[in-house]
Amino acid sequence: MPLAPAPLLILLRLALPLPTALQLPTAIPLRTTLPLPLAFTPWQQLAAAVGGAAVAVLIAVHLTSVLRRGPRASVGQHITRAGAVYLLLTLAVAIVALHTKINFLVLLFGMLLSGLVLSFILSRLAMRKLGLERVVPEGVHAGTPFTIELRVANRKRLLATYGLAVRESLPAGLSAERAGGVAVALRPGEAASLPYRATAVRRGVYRLTSLVYSTRFPFGLFHQGRAREAPAELVVYPRLGEVSTEFLGRAQALALAQRRSRAALGDEEFRNLRDYRHGDNPRRIHWKSSAKLGRPLVRELEAVASERVFILLDTRAPASGDPALETAISFAATLARDLMLRGFFVSLAAYAPELVVTPPTKDPPGLRSLYETLARLEPAPRRALVELVGETRVRAGERVLTVATILRADDDAASAIGLLRAHQPRVLPVDVAAESFREHFLLA
1 MPLAPAPLLI
11 LLRLALPLPT
21 ALQLPTAIPL
31 RTTLPLPLAF
41 TPWQQLAAAV
51 GGAAVAVLIA
61 VHLTSVLRRG
71 PRASVGQHIT
81 RAGAVYLLLT
91 LAVAIVALHT
101 KINFLVLLFG
111 MLLSGLVLSF
121 ILSRLAMRKL
131 GLERVVPEGV
141 HAGTPFTIEL
151 RVANRKRLLA
161 TYGLAVRESL
171 PAGLSAERAG
181 GVAVALRPGE
191 AASLPYRATA
201 VRRGVYRLTS
211 LVYSTRFPFG
221 LFHQGRAREA
231 PAELVVYPRL
241 GEVSTEFLGR
251 AQALALAQRR
261 SRAALGDEEF
271 RNLRDYRHGD
281 NPRRIHWKSS
291 AKLGRPLVRE
301 LEAVASERVF
311 ILLDTRAPAS
321 GDPALETAIS
331 FAATLARDLM
341 LRGFFVSLAA
351 YAPELVVTPP
361 TKDPPGLRSL
371 YETLARLEPA
381 PRRALVELVG
391 ETRVRAGERV
401 LTVATILRAD
411 DDAASAIGLL
421 RAHQPRVLPV
431 DVAAESFREH
441 FLLA
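Per the numbering used here: the sequence shown ends with 444, consecutive numbering throughout.
Below, the structure is given as structure tokens:
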């Protein structure tokens, strides 16, 4: 009784008509000494059917990968170009082996098919139990290269991971020659660091989202890719420049003069609270704290002993990224740094778009806080500069040197400068749009 041909043989006979001398038999007689049930089993047809099904699955995977476009192509699994060539070679060997029944070709087809299956399984196992982490630096300035570190760990107990590539897609404004790296080998329980250099075009807050990791281990026939959420916030401080020595000397001279005038007026500054002592001025009792603690406390004052500078920043720009606004912000950041290095206490006031006033400081943490305020600052096109000068928290900084950084010399700026000088004589206006501004400040 003739045996039914395998489905793959039927397809090959329909698609590839052969000469009469090479027509495929409807059944493959077996000459074997196996027991009767096994002797009549169509092993070659069964092997051909299994191989054909495996190749069909691989073709389906390849066609799916061909349809992928854009960022999705890096995530998931698909056959590489080398894998496609390998697959075509496997198909060619399979067709010739089934037509000729040469044992060597059948063995070669089995070896090629085993390589495909083995590559697929090992590439999937290599992607299991991997830990990823991103370390974002602090104190980054626009225009200055910095390092972002990607950390990857193999948490498998037995299997190693080879050729693991980790990368990320940077938001607009950040650039890197290669945003990621490759871990050549990760043994079980081993971790690796993959640093890369990046640069921010301008100040601001950049939000990093996901990391994409992939491998083509072991033979480069399959690409296995995964994406993992790793949200992080990168705060980029303003670009720094250089303030002229002449401008700094002028500011220092005005601040010293202002200090002498305050000392002559007997101005005193709050230092801390202490218990009331006999003979203390009752006017210095801090009633709110006294009521809370149940005993009288007085404010302890000290004479003015340090120079202070109050920087007013004009933010009447139409949109974020305005060149004049960015220049003014860089100037304010550089001026604050240089004045603190000279021993000044510096504070800043601006609309961002709500009112922001930083406390007077001259230490590194305070400077970083001022940088971060400038990094997060947004323009306030509808807030007038004269409105900023009239704020209560800004008026509290009277009788200190005030550096008013303005974007343009108009009626609003003139009114604001006039209001400042009405309360204290030492005001140093800086117009970033003026030609003379280039003599006092140069961006790095």
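For glycine and all other residues, C-beta sits at the position ideal for the given N, C-alpha and C.
Since the structure is predicted, the reported quantities are computational estimates derived from the model, not experimental observations.
- Message: For the pair the stretch 308-316 and the stretch 340-357, tell me if three or more CB-CB distances fall below 8 Å.
- Response: yes
- Any idea what DSSP makes of D338, helix, strand or coil? helix
- Item | Completely contained alpha helix (DSSP H) runs for the stretch 340-421, where each covers 4 or more residues | Runs of the alpha helix (DSSP H) inside the stretch 340-421: 364-375, 385-389 and 392-395.
- Item | Spatial neighbours of M127 in its chain, beta-carbon cut-off 7 Å, leaving aside the 5 residues before and after | T215, Q224 and R226
- Item | Euclidean distance between Cα positions of A255 and V400 | Near 7 Å, if we compare the C-alpha coordinates of V400 and A255.
- Task: Report the rounded CA-to-CA distance for V201 versus A414, giving the unit in angstroms.
- Result: 33 Å
- Hey, would you say E168 sits closer than 8 Å to S210, going by beta carbons? Note that the C-beta distance between E168 and S210 is below 8 Å.
- Message: Strictly by DSSP, which residues pair up with H78?
- Response: H223
- Message: Between the alpha carbons of P429 and G418, how many angstroms are there, rounded?
- Response: Each residue's Cα considered, the two are about 11 Å apart.
- Query: Are the Cβ atoms of A232 and V106 separated by less than 8 Å?
  - Reply: no
- Query: CB-CB under 8 Å to S289, same chain, minus the five flanking residues each way: which ones, in chain order?
  - Reply: L273 and L297
- When DSSP builds the beta bridges, which residues end up paired with G181? V166
- Task: Provide the residue span of the beta strand (DSSP E) that contains G241, from first to last.
- Result: It spans G241 to V243 - the beta strand (DSSP E) in which G241 sits, taken as one unbroken run.
- Query: For the alpha helix (DSSP H) that contains R438, what are its first and last residues?
  - Reply: R438 -> alpha helix (DSSP H) spans F437 to H440.
- Message: Using 8 Å as the cut-off, can you tell me whether the stretch 193-207 makes contact with the stretch 360-376, which would need three or more C-beta pairs spanning the two stretches below that distance?
- Response: Verdict: yes, contact present.
- Task: Use the C-beta contact count for T147: other C-beta atoms within 10 angstroms, 16 or more gives buried, fewer gives exposed.
- Result: exposed
- Item | Enclosing beta strand (DSSP E) for V135 [first to last residue] | L130 to V135
- Which one of P360, E354, V235 and V166 has the shortest CA to CA distance from R337? P360
- To the nearest angstrom, report how far apart E387 and A416 are at their CA atoms. 8 Å
- Count the C-beta pairs between the stretch 109-116 and the stretch 159-176 that are closer than 8 Å, then say yes if the count reaches three, no if not. no
- Task: Please name the residue or residues paired with S214 in a DSSP beta bridge.
- Result: A165 and G225
- Quick one: measure Cβ to Cβ for V243 and T315, integer angstroms, because I've assumed they're closer than 8 Å. So it is not a contact: roughly 20 Å between Cβ atoms.
- Item | Where the beta strand (DSSP E) through I148 begins and ends | F146 to N154
- With a CB to CB cut of under 6 Å and the five nearest residues on each side skipped, what residues in its chain are close to R31? Note on R31: pLDDT 45, under 50, position unreliable in the model; the coordinate value appears next. Cβ within range, chain order: n/a, list empty.
- For D275, which residues from the same chain have a beta carbon less than 6 Å from its beta carbon, with the 5 sequence-adjacent residues on both sides left out? none
- Message: Measuring straight from C-alpha to C-alpha, what distance separates L91 and H99?
- Response: About 12 Å.
- Any idea what DSSP makes of Y86, helix, strand or coil? helix
- Item | Best match in G241, P318 and V152 for proximity to E439 [C-alpha to C-alpha] | Looking only at G241, P318 and V152, the smallest Cα-Cα distance to E439 is reached by G241.
- Message: Taking its Cβ as the centre, do 16 or more other Cβ atoms sit within 10 Å of N103, making it buried, or is it exposed?
- Response: exposed
- Message: Relative to the C-alpha of A230, which candidate in V182, R250, W287 and V152 has its C-alpha closest?
- Response: V152
- Message: One question on the structure: do R368 and G139 come within less than 8 Å of each other, judged by their Cβ atoms?
- Response: Yes, these two residues count as a Cβ contact at 8 Å.
- Message: So, under 8 Å CB-CB, P381 and A317 are touching, yes? Tell me the CB distance rounded to an integer number of Å.
- Response: Right, the Cβ-Cβ distance comes to about 6 Å (below 8 Å), so this counts as a contact.
- Is A185 buried or exposed, if buried means 16 or more other CB atoms sit within 10 Å of its CB? A residue is called buried once 16 or more other Cβ atoms fall within 10 Å of its Cβ, and A185, having fewer, is exposed.
- Item | Backbone CA spacing between I95 and A82 [nearest angstrom] | 20 Å
- Rounded Cβ spacing between T392 and L313 (contact assumed at less than 8 Å): No, T392 and L313 are not in contact; Cβ-Cβ is about 18 Å, not under 8 Å.
- Determine the burial state of L89: buried for a count of at least 16 other Cβ atoms within 10 Å of its Cβ, exposed for fewer. exposed
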